[in-house]
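Below is one structure, written out as structure tokens, with a few remarks after it.
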Amino acid sequence: MTRRIHRYGTVDSTMRIAAGYAALGCPPGTVVVANEQTAGTGRFGRRWHSEKGTGLYLSQVLRPDVPGDRLPVVTLALALATGDAIARASGVICDLRWPNDVVAGGRKCAGILVQLQDRALIAGIGINVNHAAFPEELAGSATSLRIVSGREHSRDALLDELLESIDTYMRLFEAEGTEPILRLFAAASSYVQGRRVVVEQPQGMLAGVTDGLDPVGFLWLRTETGRELIVSGGVRPCS
Amino acid sequence: MNAEEIRELIRLAQESGVAELEVQRGENRVRIRLAVAPAALDFVVPPLQAQAPPLNSQPTQAAAAAKQAEVEAEANVLYVKSPIVGTYYESPAPGSPAFVKVGDQVSPGQVLCIIESMKLMNEIESEVSGVVLRKLVENGRPVEYGEALFAIRAS
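Protein chains in written order, with my numbering: chain A, 35 to 273; chain B, 950 to 1104.
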């Protein structure tokens, strides 16, 4: 894959800049990486905490050659790629929380958001690398590779590993389809089977026990009233 | 001509893309007219479940539904449908105004809604200039592949 890396100092959001490149028809693989984001984009306009010089904040334009209705599986592939890259670059072994939170020690160390626009996927990945601490409102849910491992890590080495790893998983997905991605995800995630969770749904929180992935990659949840298929929404552990 | 033969003719008409097919065999004559003109197939068409009446419905209802589909096809009404299974959101964030409301003028490329599937946020854009006639899905509801989301009268 062509890999053009556009490096920025401080930006509002790498997602916005990458979307601009995509709209201009940039080649797949184009990367926007920033040292700091002042308005890092999360789901539904939420912010991704992007402290200067400590994290890896990037968006990559992808144009996978797969049928359109299979594109959501890319988010699972990106979680796998991010977990692998973190393990290789830092030695930290992460869990994957469906669909694509990357978790270490029960807290989120990387977040992934994918937007489909102008017929391109814009994959945003934020990794908490060398953060020493987090603002109070995030302290209970966020962690960094430094906090988990007790030492600092090279963000450039992590970026190299990450782009290599994304490339590998995207090629696997294009060549072999959904099945191997789902199998690898189920093997890498403790959340796919038998985990008591609550799922944030537009109608409210839904509690249940996870019960595997369906062939599309959606999450089965056994609830008090029956088996529900979760197609979107954040999953949280509950005791 | 039996039901199986008529079904076969309907299939032929659909596959060939003709708008109308008339077949005479002896004294039997059958005319098949597709509700959606082939030219409109370039655009989005309403999903099957929105068009086809339930099997147990009365013929009058079926005729009315076909008539309705026909009228809308003639009146340049296009349906924007979901390209994936997911959750429908009418606005970019909870509490913020909807991307579009009924009666709004829209232009090609304008975002109409978001369908989220496993944290893939799929911005659904209008392919045409026109007016939003109906919003067919309630905010936060799950949508199926191919489900109609908006009716837009193209201008």
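By construction, the Cβ of each residue, glycine as well, lies at the ideal position given by its N, Cα and C atoms.
Cutoff 7 Å: residue i Cβ touching any chain A Cβ
i: Val1029 (chain B); result: no
i: Ala1100 (chain B); result: no
i: Ala1042 (chain B); result: yes
i: Pro1046 (chain B); result: no
i: Gln1007 (chain B); result: Its pLDDT being 48, under 50, Gln1007 (chain B) is placed unreliably by the model, and the measurement read from it follows with that caveat. So, not an interface residue.
i: Gly1079 (chain B); result: no
i: Gln998 (chain B); result: Reliability of the predicted coordinates at Gln998 (chain B) is poor, the pLDDT of 39 falling under 50, and the value obtained from them is presented with this limitation in mind. No, because no Cβ of chain A sits closer than 7 Å to the Cβ of Gln998 (chain B).
Residue i: contacting residues in chain A (beta-carbon distance under 7 Å)
i: Leu1061 (chain B); result: Neighbours of Leu1061 (chain B) on chain A: none; closest Cβ ~13 Å, over 7 Å.
i: Glu1093 (chain B); result: Under the 7 Å cutoff, chain A gives no residues; its nearest Cβ is about 10 Å from Glu1093 (chain B).
CB contact check: residue i to chain B, cutoff 7 Å
i: Thr277 (chain A); result: Nothing can be reported for residue 277 (chain A), as the shown portion of chain A is limited to 35 through 273.
i: Asn134 (chain A); result: yes
i: Gly102 (chain A); result: yes
i: Gly207 (chain A); result: In the sequence under discussion, the amino acid at residue 207 (chain A) is Phe, which differs from the Gly named in the question. No, Phe207 (chain A) does not count as interfacial toward chain B.
i: Gly54 (chain A); result: no
i: Val269 (chain A); result: no
i: Pro236 (chain A); result: yes
i: Gly246 (chain A); result: no
i: Phe219 (chain A); result: no
i: Thr212 (chain A); result: no
i: Gly79 (chain A); result: yes
i: Thr109 (chain A); result: yes
For residue j and residue i, the rounded distance between their alpha carbons
i: Val137 (chain A); j: Ala221 (chain A); result: 15 Å
i: Glu234 (chain A); j: Leu240 (chain A); result: 7 Å
i: Lys1050 (chain B); j: Glu1039 (chain B); result: 9 Å
i: His187 (chain A); j: Ile181 (chain A); result: 11 Å
i: Pro995 (chain B); j: Tyr42 (chain A); result: Interpretation of Pro995 (chain B) is limited by its pLDDT of 40, a score under 50 that renders its predicted location unreliable; no figure is taken from the coordinates.
i: Ile146 (chain A); j: Ala1024 (chain B); result: 43 Å
i: Ile1033 (chain B); j: Gly184 (chain A); result: 42 Å
i: Pro1043 (chain B); j: Thr64 (chain A); result: 31 Å
i: Leu196 (chain A); j: Ser93 (chain A); result: 12 Å
i: Val1092 (chain B); j: Ala167 (chain A); result: 40 Å
i: Gln151 (chain A); j: Asn1071 (chain B); result: 7 Å
i: Gly59 (chain A); j: Pro98 (chain A); result: 14 Å
i: Pro1041 (chain B); j: Val1060 (chain B); result: 10 Å
i: Thr212 (chain A); j: Gly242 (chain A); result: 25 Å
i: Leu263 (chain A); j: Thr257 (chain A); result: 10 Å
i: Ser199 (chain A); j: Ala119 (chain A); result: 6 Å
i: Ser223 (chain A); j: Gly139 (chain A); result: 13 Å
i: Gly125 (chain A); j: Ala1047 (chain B); result: 44 Å
i: Val67 (chain A); j: Ile39 (chain A); result: 7 Å
i: Arg77 (chain A); j: Cys272 (chain A); result: 22 Å
Counterpart residues of residue i in DSSP-defined beta bridges
i: Met1067 (chain B); result: Per DSSP, none; premise fails for Met1067 (chain B).
i: Met239 (chain A); result: A:Glu234
i: Ser93 (chain A); result: A:Val66 and A:Gly158
i: His40 (chain A); result: A:Val66
i: Leu110 (chain A); result: Answer is none; Leu110 (chain A) lacks a bridge partner.
i: Lys1084 (chain B); result: B:Phe1099
i: Trp132 (chain A); result: None, per the DSSP bridge assignment.
i: Gln71 (chain A); result: A:Val45
i: Ile146 (chain A); result: A:Ile159
i: Gly251 (chain A); result: None; Gly251 (chain A) has no bridge partner.
i: Thr257 (chain A); result: A:Gly260
i: Ala53 (chain A); result: Answer is none; Ala53 (chain A) lacks a bridge partner.
Interface partners of residue i on chain B, CB under 8 Å
i: Ser266 (chain A); result: Gly1035, Thr1036, Glu1065, Ser1066, Met1067 and Lys1068
i: Ile146 (chain A); result: Lys1068
i: Val250 (chain A); result: Val1034
Neighbouring residues, chain A, relative to residue i (Cβ below 8 Å)
i: Glu1096 (chain B); result: Ordered by position in chain A, no residue passes the 8 Å Cβ test against Glu1096 (chain B), which lies about 12 Å from the chain.
i: Glu1072 (chain B); result: Gln149, Leu150 and Gln151
i: Pro1032 (chain B); result: Gly102 and Asp103
i: Gly1052 (chain B); result: Those within 8 Å of Gly1052 (chain B) in chain A number zero; the least Cβ separation is about 25 Å.
Cross-chain neighbours of residue i in chain B, by beta carbon under 7 Å
i: Thr116 (chain A); result: Within 7 Å Cβ-Cβ: nothing; Thr116 (chain A) doesn't reach chain B, min ~13 Å.
i: Val182 (chain A); result: Residues of chain B passing the Cβ test: none, with the nearest at roughly 23 Å.
i: Pro106 (chain A); result: Ile1033, Ser1066, Met1067 and Leu1069
CB of residue i within 7 Å of CB of residue j, strictly
i: Tyr203 (chain A); j: Ala113 (chain A); result: no
i: Leu192 (chain A); j: Leu96 (chain A); result: no
i: Arg229 (chain A); j: Thr244 (chain A); result: yes
i: Val148 (chain A); j: Leu90 (chain A); result: no
i: Tyr1037 (chain B); j: Val1086 (chain B); result: yes
i: Phe252 (chain A); j: Val265 (chain A); result: yes
i: Leu247 (chain A); j: Val226 (chain A); result: yes
i: Thr177 (chain A); j: Leu1069 (chain B); result: no
i: Thr75 (chain A); j: Met49 (chain A); result: yes
i: Gly1089 (chain B); j: Pro133 (chain A); result: no
i: Ser1078 (chain B); j: Ser1104 (chain B); result: yes
i: Ile215 (chain A); j: Ala121 (chain A); result: no
i: Ala1100 (chain B); j: Val1026 (chain B); result: yes
Any non-hydrogen atom of the ligand ATP within 6 Å of residue i CB
i: Asp152 (chain A); result: Absence of the ligand ATP is noted for the structure shown, with no ligands found whatsoever.
Minimum Cβ-Cβ distance from residue i to chain E less than 7 Å
i: Ile127 (chain A); result: Note that chain E does not occur in the displayed structure, where the protein chains are A and B.
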